[in-house]
Each structure stands twice: as C-alpha cells, then as structure tokens.
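Asker: Take this structure first; my questions come after.
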Amino acid sequence: MTMRTLLGATALGLALLQPVFDRAEAQTLRVQTGATSSALQVPMNRAVVVESDTAFAELSIANPGIADISTLSDKSIYVLGKAPGRTTMTLLGADGRLISNVEVHVTPDIAEFKERLRQILPGEQIEVRTANDGIVLSGTVSSTAKLDRALDLANRYAPERVSNLMSVGGTQQVMLKVRFAEMQRSVSKSLTASLGIKGATLAKGGSNSLAAGSQLTNVLGGGNYAPPEGTNGAMTLGFSAGSLQFAVLLEALETKGMVRTLAEPNLTALSGQEAKFLAGGEYPIPVAGDGDSITIEYKPFGVELNFTPVVFDGDIINLTINASVSSIDSTITLEAGGSTINAFKRRETSTTVEMRDGESFAIAGLLQDDFRNLNGQVPWLGDIPVLGALFRSAEYARAQSELVIIITPHLVTPTRGEALALPTDRIKLPTERDMFLFGKVAGKNAPKGAAGEVARQDYSGSYGYVME
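Counting from 1459, one number per residue, gives the positions in the sequence shown under our numbering.
If you want it as structure tokens, here you go:
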C-alpha cells in the first residue's frame, strides 16, 4: 500500500469519526521550522489539528495516556485529548532532524461547562478558566446559594480539582432583633386556726396551758389577746371562765406577685458566621482536680442566644437559633467539698427557620405551672363538726411563668459613625453653678449632624407588656 493510499484511508476513517469530534474547538497550531512552538491547548475528549510548514517523516507523543495522535497528511496531525495533564509531541524530518517539540496541554472540557453554567445560573458574572488539570472559578455571584451551585457543577467536570475565587455580592450581614419576655405570676392563700386553753386545774401541781398553735403560748402567757408579732392577717379572740383562759387565733393570708423579665439584644453577624449573646452572669462551681486540689469553673446563666445566619437568594435568610433562659434555684442545694452549690432553672429552645428580610416569628408556649395544696389538722380534734375547723389549717400556692421569644432578621450594611448616637450623647456634666444653685445633676447636650437628629427625638410614652 502506497503512502498516498494510507493517508487517504486515515482521512476516511477520521471522517467517519467526525460525529465524535463534531463539537471540537476550531483550533489549529502552525509549526514553523526553527521556531519555538507555543503550547497546544486540547480539551479533554476533543481533538485539534496541528499543521507543519515542513513535511515530517516521524511523529511521537511522550505520554499516550494524556493525548492520542493521528496523521492526516505529511504536514497535518490530529491530536485527541484523553486525560488532563501535560505531555510533549515530537516531529522529525526524513533525515532524522528535529523539526519541533510541541507542548500539549490537555485540560477539562470547559466549553460544555460554560454552556451549562449559563443555563443554570443566567445573569451571574462567573468567569471560568483552566489551571493545570483543574478549573478556576472567579467573578461575583449574587448569593451563597448560587455560589454553591456553581461549585457543585464544576466538580462534575473536574472532581476535587476546582479552585474557588468567587465572591458574593449584595448584603451579607444580618442583624437579628430579639425580644425575650418572661412573665411570672404567683398566688398563695392560707387559712389557719388555733385554740389555746390555760388554767390551774388542767394538771396537778401547778399552772398549765394547752395550745393548738405555738403562737398562742405567748398570748396566754402574756395575759393579753393581741395577735403575736410577725403575723399578718391574724385575729385573736379570748375570754376567761373562772380560772380558765381561752384564746382562739385565726390567721388568713393571701399574697399575689408578678415579675417581668425582659431583654432585647440586637446582634449582627456575617452570613455563615455565629454570633453569641449573654445577659446574666457566671456562677462559680468547685471541681475536684488532681489529688486534693479544687478548681473553680464558671457556669453561665441568664438570657443566652446563639445564632448563625445564611443569606440565600435575594433577601431569604436561613437562621439556626439556640436560645435559653436560666436562673439560680436557691431551693435546691448541694454540699460538695465544704461548699454549698445551688441548682439551676433552665428553659431552652433550638430551631432552624427560613424567612425574608424584616419578617418575624415567635417562640412561645414555654410554660411552667407549679401547684401546691396542703391541708393539716390535729388528729381526732380536726374531725369534730364545726369546732374541728379550729384545729385545721389549709395552704394553697400556685406559680405560673411563660417565656416568649420574638425574632426579626434584617439585612444591614455599615453606616458612618457620625450618624450614630449614644444615650450618653444627650448628657453633659453640670457646672458648679447649676449643681449648687439649681440642684441639677446633669445638663443637656445637643450633638450636631445626624447624631443630633437622633438625640433630639422624644422617646417618652407607654411601652412594655401587659398581662391580664
């Protein structure tokens, strides 16, 4: 078979394989004798044509695993990229003289990747380049969600070989406005009756007394029927019959209480970063160390908040929130190492939500209801009809509390410091004249500029929470 016939058969075979390479980039490298050839960029699974000014007799590739070569004529070469990497193609003349060494650089096929990227993320300013055997993404995207989508798509074409140089545009800082409101209400009622008798004939050998309540002992011993000191809502009835003295102590007490605990922190965090808040304190707890040593660890208590915001498309914000309210419980104590340690009351919640800028959600229903009902009586005497009420006591107590948390996220950007005002900006130290002559402990200060406008606002008026 002649050389012309061989070349014709090769050309026919490559023509039949044209559907495989129909998407090849139209790149042609011309090799000039005696000149240094530039690098040949070949996409993986694509083919390019190399043309030589001088006819070559011998052709070789250093690493056939990276690129495959075929001759179209004695001056044309078909190069097919097989795997990402670099190799060298050598062209020799009929006399064995070196014509040129061509550096072949096979890169991932980014043409298809660019097309898919435009279809999936239209309008995003993403630039795609190749580096060695990987893909480099740069530019600006509108959200972190679209950044993640671009990276996932790039990993399809170059697994574990993607370099991310993209940045996220728009507002990526989230300010979280949180309102903690805890309402506590307690009601207690008690009714106690006591009967006391004193007389010389109760027992042989002297004056004796019998009292159903310890507080009546002082009443009978004192000879008066006034309520004992330290009692509230008490009334004493007494009379004498011969040598006998009778006293009845009736004590009725009702107490009501209401407590409101409130905290309103404003926290700002970058998208994907965590922010923490604590309004309370730290309680020292002794911990046994090596040998007989005792170390102190501090446990935080109060109003705690941890949150992590993630900004998605536009103004959609994903929030992971951990909130808790704790306090020291002095009713439960523990002796350890010579120290008395109190227990803690704690209510906490953890959730992940998604909302838009300015929307709010509430965490409520964290209820606590403690109920106690206690009845006591003197054995047998308390069962006597009518008169048995003088030997019985009843106590009723109930405590209720509810914790409500309202959360509102906002996308924010920094502002100039001159536009911010502090509460102390409105106050200035008084002069000696104002202090001694007019009794003023503080003067008024009017800041200038934007801070002055804020400082001149009137914040008086009704505010707070009402519990029916």
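Heads up, the beta-carbon is just placed ideally off N, CA and C, and yes, glycines get one too.
Can you have a look at residue 1588 and say buried or exposed, based on whether 16 or more other CB atoms are within 10 angstroms of its CB?
Answerer: By the 10 Å Cβ count, residue 1588 comes out buried.
Asker: With a Cβ-Cβ cutoff of 7 Å, do residue 1585 and residue 1601 count as a contact?
Answerer: Contact: no.
Asker: Is the CB-CB distance between residue 1564 and residue 1525 below 7 Å?
Answerer: yes
Asker: Taking the C-alpha atoms as reference points, what is the distance between residue 1727 and residue 1638?
Answerer: 19 Å
Asker: Determine the burial state of residue 1745: buried for a count of at least 16 other Cβ atoms within 10 Å of its Cβ, exposed for fewer.
Answerer: exposed
Asker: Hey, quick one: how far does the beta strand (DSSP E) through residue 1735 stretch, first residue to last?
Answerer: 1733–1746
Asker: How big is the Cα-Cα spacing for residue 1546 and residue 1499?
Answerer: 12 Å
Asker: Just mark residue 1751 as buried or exposed, buried being the case when its beta carbon has 16 or more other beta carbons within 10 Å.
Answerer: exposed
Asker: Go ahead and label residue 1927 buried or exposed: buried means 16 or more other beta carbons lie within 10 angstroms of its beta carbon, across all protein chains shown.
Answerer: For the chain, the structure presents residues 1459 to 1926; residue 1927 sits outside this window and is missing.
Asker: Inspect the beta-carbon positions of residue 1872 and residue 1775 and report whether they are closer than 7 Å.
Answerer: no
Asker: Please check the pair residue 1556 and residue 1514, which I expect to be a contact at CB under 8 Å, by giving their CB distance rounded to whole angstroms.
Answerer: At roughly 10 Å, the Cβ-Cβ gap does not stay under 8 Å, so residue 1556 and residue 1514 are not in contact.
Asker: Would you mind working out which of 1874, 1768, 1739, 1787 sits nearest residue 1927, comparing C-alpha positions?
Answerer: What is shown of the chain runs 1459 to 1926, which leaves residue 1927 out entirely.
Asker: Using 8 Å as the threshold, is the stretch 1757–1768 in touch with the stretch 1613–1626, meaning 3 or more CB pairs across them?
Answerer: no
Asker: Assuming contact is defined by CB atoms lying nearer than 7 Å, are residue 1759 and residue 1784 in contact in what I supplied?
Answerer: yes
Asker: Tell me the DSSP secondary structure of residue 1856 in three-state form.
Answerer: strand
Asker: Have a look at the DSSP bridge pairing and note the partners of residue 1561.
Answerer: 1546
Asker: Return the CA-CA distance between residue 1569 and residue 1592, expressed in angstroms with no decimal places.
Answerer: 14 Å
Asker: Report buried or exposed for residue 1632, applying the criterion of at least 16 other Cβ atoms within 10 angstroms of its Cβ.
Answerer: With 16 or more other Cβ atoms within 10 Å, it is buried.
Asker: Please check the pair residue 1930 and residue 1800, which I expect to be a contact at CB under 8 Å, by giving their CB distance rounded to whole angstroms.
Answerer: In the structure as shown, the chain starts at 1459 and stops at 1926, and residue 1930 therefore has no counterpart that could be examined.
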